[in-house]
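Protein chains in written order, with our numbering: chain X, 1 to 90; chain D, 1001 to 1374.
A virtual CB, placed ideally from N, CA and C, is assigned to each residue, including glycine.
Input: a single structure, listed below in structure tokens.
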Ligand code: SF4
Ligand code: SF4
């Protein structure tokens, strides 16, 4: 599924993103399931606040890590996230 | 037995809290023990809170609240609230019987994350017959309220010979109710389902047809509805990796406080499953005989012991090995490498001889009267 650049990205209210102390990891929780996230994925999802659009997220993360060229990786991850229902656009 | 200190013990992730064996329905495939009437003593609210706290500390994060019918517990909201405060993702697994919209709202306020509603079939007549109680229309209403209150709605239908040919209608019902998840759970033959197996096990042809329909539907609703399809292992040639490995991930606490490595483990001999009234979850998980019993592979016999697939399925289900061949150390007879594999074909043949329409041998419904017979 393609990411629309104009619409804001929002973490799905049907899922929960949470830090797990026992696993030292961010996880996504949903009915009868759990996905463990790596640090970059968790950072991206936390920025899906229903206000930011793709460009904002890329900009924020590039500034945070003082780097450039993150867009492609971010888009790839967000496409997966959209397909899995972790985020929404509309 | 096993319990060798060399085995690395991973922390529990899933806690299934069976809050009560009481249930107003009478499903003939119920996974509760046949003699549940003997275990009618229940943990108190404080006991449950302590159990939740201890398991969470060890790393449990998914919490299933089931039964019986968990709505029977008046302290359900209080337990949910405690669970939410600890950071559990809390799943309510209910027949929906006795639920009303006010309680759905109260549970949401307490922090409940999702509700799984089970419906027995796609028609009122069959659903009410299987439940042993008039409940079909109300269940559908509850499913709509669950959606309306903003929960992810999981619709669960247990599949067996009586309803398997209704697969298209069951899928249509899931669409009509706008389920977010649909669990199509082919009956697993434990507890009451084991007792009723001759009348519940579908034929291979029925199963294959239904699976094809469900598969096509899964593709059609991709991105809208997720399908959890629980396979009926009698038609497989390898067993399921039961519980993701004994004592690795799952912890079940029965209504009376008995801690079980799998929800049927109560039926196994010699295990002496510990009670949370006597031990902490930490002690139970790490040191009890029951939880160490089938950890690792030291307990295995041939053909599992030297099998190169043992890391994959752990020899299958201990309860099935015990129920079908009286030996809990044996390979799950579902496995085609098991010398007892013929038992599966015999079960299938025996079921095929029973014609439900003739009513020669009625289904045994799960109720207190029948439970006292065991
Ligand atoms: S399977 Fe049926 S009888 Fe058993 S607990 Fe669930 S609703 Fe009650
Ligand atoms: S022989 Fe045992 S370990 Fe090997 S596949 Fe069969 S059940 Fe699994």
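Practice problem: Measuring alpha carbon to alpha carbon, tell me which of D:1020, D:1204, D:1185 ends up nearest residue 1158 of chain D. | Solution: Numbered from 1 along the second chain, position 158 holds the residue referred to as residue 1158 of chain D. The candidate whose alpha carbon is nearest that of residue 1158 of chain D is D:1185.
Quiz item: For the region 22-61 of chain X, which segments carrying the beta strand (DSSP E) assignment without a break, of at least 3 residues, lie completely within its bounds, in sequence order?
Solution: 25-30, 33-37
Self-check item: Helix, strand or coil at residue 1058 of chain D according to DSSP, with G and I counted as helix
Solution: The residue you call residue 1058 of chain D lines up with position 58 of the second chain. Looking at residue 1058 of chain D - three-state DSSP - the assignment turns out to be helix.
Quiz item: Excluding sequence positions up to five away, which residues of its chain have a Cβ less than 6 Å from the Cβ of residue 30 of chain X?
Solution: For this step, residue 30 of chain X is matched to residue 30 along the first chain. So the list reads 15, once near-sequence residues are dropped.
Quiz item: Listed from N- to C-terminal order along the chain, which residues in the region 1108-1127 of chain D have their beta-carbon within a distance smaller than 8 Å of any beta-carbon of chain X?
Solution: 1113, 1114, 1116
Quiz item: Just to confirm, does residue 1139 of chain D get its C-beta within under 6 Å of one of the non-hydrogen atoms of ligand 2?
Solution: Numbered from its first residue, the second chain carries residue 1139 of chain D at position 139. Not under cutoff, so the answer is no.
Quiz item: Closest by CA to residue 1333 of chain D, which one among D:1364, D:1301, D:1213, D:1150?
Solution: Here the question's residue 1333 of chain D lines up with position 333 in the second chain. Among D:1364, D:1301, D:1213, D:1150, the Cα nearest to that of residue 1333 of chain D belongs to D:1301.
Quiz prompt | Partner residues on chain D for residue 17 of chain X, Cβ-Cβ distance less than 8 Å | solution = In the first chain, residue 17 of chain X corresponds to position 17, counting from 1. In chain order: nothing, as chain D lies at least about 11 Å away.
Quiz item: How close, in whole Å, do the beta carbons of residue 1086 of chain D and residue 1052 of chain D come, if the pair is a contact with beta carbons under 8 Å?
Solution: By 1-based counting over the second chain, the position of residue 1086 of chain D is 86. By 1-based counting over the second chain, the position of residue 1052 of chain D is 52. Between residue 1052 of chain D and residue 1086 of chain D the Cβ distance is about 6 Å, and since that is below 8 Å, they are a contact.
Quiz item: What are the complete alpha helix (DSSP H) segments, minimum 4 residues, inside the region 1069-1130 of chain D?
Solution: 1076-1086, 1101-1110
Practice problem: Within 10 angstroms of the Cβ of residue 1049 of chain D, are there 16 or more other Cβ atoms? Answer buried if so, exposed if not. | Solution: Here residue 1049 of chain D refers to the residue found at position 49 when the second chain is read from its first residue. Counting Cβ neighbours within 10 Å, residue 1049 of chain D comes out buried, since at least 16 surround it.
Quiz prompt | Beta carbon shell of ligand 2 at less than 6 Å from a heavy atom | solution = D:1238, D:1239, D:1303, D:1304, D:1307, D:1309, D:1310, D:1313, D:1315, D:1316, D:1331, D:1332, D:1335, D:1337
Exercise. With 7 Å as the C-beta to C-beta threshold (strictly closer), list the residues of the region 1081-1095 of chain D near chain X in chain order.
Key: 1087, 1089, 1091
Quiz item: Can you tell which of D:1095, D:1297, D:1249, D:1105 has its C-alpha closest to the C-alpha of residue 1138 of chain D?
Solution: The residue you call residue 1138 of chain D lines up with position 138 of the second chain. Nearest of D:1095, D:1297, D:1249, D:1105 to residue 1138 of chain D, Cα basis: D:1095.
Quiz item: Hey, residue 98 of chain X and residue 71 of chain X: beta-carbon distance below 7 Å or not?
Solution: Since the first residue shown for chain X is 1 and the last is 90, residue 98 of chain X is missing from the structure and cannot be characterised.
Exercise. Could you list which residues in chain D have their beta carbon closer than 8 Å to that of residue 83 of chain X, in chain order?
Key: Translated into the one-based positions of the first chain, residue 83 of chain X becomes position 83. The contacting residues are 1223.
Quiz item: Taking one C-beta from the region 1136-1152 of chain D and one from the region 1163-1178 of chain D each time, how about it: are there three or more such pairs within less than 8 Å?
Solution: yes
Quiz item: CB residue 25 of chain X to CB residue 43 of chain X, shorter than 7 Å?
Solution: Taking the first residue of the first chain as position 1, residue 25 of chain X is located at position 25. Taking the first residue of the first chain as position 1, residue 43 of chain X is located at position 43. No, the pair does not count as a contact, with Cβ atoms beyond the cut-off.
Quiz item: Can you list, in chain order, the residues of its chain whose CB lies under 8 Å from that of residue 1146 of chain D, leaving out five sequence neighbours each side?
Solution: Stepping through the second chain from its first residue, residue 1146 of chain D is reached at position 146. Around residue 1146 of chain D: 1104, 1115, 1117, 1153.
Exercise. Could you say which of X:49, X:34, X:38 lies nearest to residue 84 of chain X if we only look at CA atoms?
Key: The sequence position of residue 84 of chain X within the first chain is 84, counting from 1. Taking only the C-alpha atoms, the option nearest residue 84 of chain X is X:34.
Exercise. Put residue 1204 of chain D into one of helix, strand or coil per three-state DSSP.
Key: Against the second chain, residue 1204 of chain D aligns to sequence position 204. In this structure, residue 1204 of chain D counts as helix in the three-state DSSP scheme.
Quiz item: What first and last residue would you give for the alpha helix (DSSP H) that runs through residue 1282 of chain D?
Solution: Here the question's residue 1282 of chain D lines up with position 282 in the second chain. Run containing residue 1282 of chain D: 1281-1287, per the alpha helix (DSSP H) assignment.
Self-check item: For residue 1170 of chain D: DSSP bridge partner residues
Solution: Position 170 of the second chain, counted from the first residue, corresponds to residue 1170 of chain D. Answer is none; residue 1170 of chain D lacks a bridge partner.
Quiz item: Whole-angstrom Cβ separation of residue 1210 of chain D and residue 1164 of chain D, contact assumed at under 8 Å?
Solution: One-based indexing of the second chain puts residue 1210 of chain D at position 210. One-based indexing of the second chain puts residue 1164 of chain D at position 164. Confirmed, Cβ separation roughly 5 Å.
Quiz item: Along chain X, in chain order, which residues have C-beta atoms closer than 9 Å to that of residue 1059 of chain D?
Solution: Against the second chain, residue 1059 of chain D aligns to sequence position 59. Ordered by position in chain X, the residues that pass the 9 Å Cβ test against residue 1059 of chain D are 20, 21, 22, 23.
Quiz item: Excluding the five sequence neighbours on either side, which residues of its own chain have a C-beta within less than 6 Å of the C-beta of residue 57 of chain X, listed in chain order?
Solution: Position 57 of the first chain, counting from 1, holds the residue named residue 57 of chain X. Excluding positions up to five away in sequence, the list reads 47.
Practice problem: Flag this pair as yes or no: are the beta carbons of residue 1193 of chain D and residue 1029 of chain D separated by less than 7 Å? | Solution: Here residue 1193 of chain D refers to the residue found at position 193 when the second chain is read from its first residue. Here residue 1029 of chain D refers to the residue found at position 29 when the second chain is read from its first residue. In contact: residue 1193 of chain D and residue 1029 of chain D (Cβ atoms closer than 7 Å).
Quiz item: Just how far apart, CA to CA, sit residue 1243 of chain D and residue 1318 of chain D?
Solution: As a working note, residue 1243 of chain D is residue 243 in the second chain. As a working note, residue 1318 of chain D is residue 318 in the second chain. Answer to the nearest angstrom: the Cα atoms are 10 Å apart.
Exercise. Just tell me which of X:8, X:39, X:9 has its CA closest to the CA of residue 20 of chain X.
Key: Residue 20 of chain X sits at position 20 when you count from the first residue of the first chain. When only C-alpha atoms are compared, the closest one is X:39.
Quiz item: Under a Cβ-count criterion, where at least 16 other Cβ atoms within 10 Å of its own Cβ denotes burial, should residue 1290 of chain D be classed as buried or exposed?
Solution: Within the second chain, the letter at position 290 stands for residue 1290 of chain D. So residue 1290 of chain D counts as buried.
Practice problem: Report the partner residues of residue 1158 of chain D according to the DSSP bridge assignment. | Solution: On the second chain, residue 1158 of chain D is found 158 positions in, with the first residue counted as 1. D:1185.
Quiz item: Got a sec: is the Cβ-Cβ distance from residue 40 of chain X to anything in chain D below 7 Å?
Solution: Position 40 of the first chain, counting from 1, holds the residue named residue 40 of chain X. Taking Cβ atoms only, chain D never reaches closer than 7 Å to residue 40 of chain X, which makes this a no.
Quiz prompt | Where the region 1155-1188 of chain D meets chain X: residues whose CB sits under 7 Å from a CB there | solution = 1180, 1181
Quiz item: Are residue 1025 of chain D and residue 1374 of chain D closer than 7 Å when you measure CB to CB?
Solution: Translated into the one-based positions of the second chain, residue 1025 of chain D becomes position 25. Translated into the one-based positions of the second chain, residue 1374 of chain D becomes position 374. Contact: no.
Practice problem: Mind the definition here: the region 1013-1022 of chain D touches the region 1065-1080 of chain D only if three or more C-beta pairs lie below 8 Å; say whether that holds. | Solution: yes
Quiz prompt | Selected residue, minimal CA-CA separation from residue 1265 of chain D, among D:1190, D:1090, D:1170 | solution = Counting from one through the second chain, the residue named residue 1265 of chain D turns up at place 265. Minimum Cα distance to residue 1265 of chain D is reached at D:1190.
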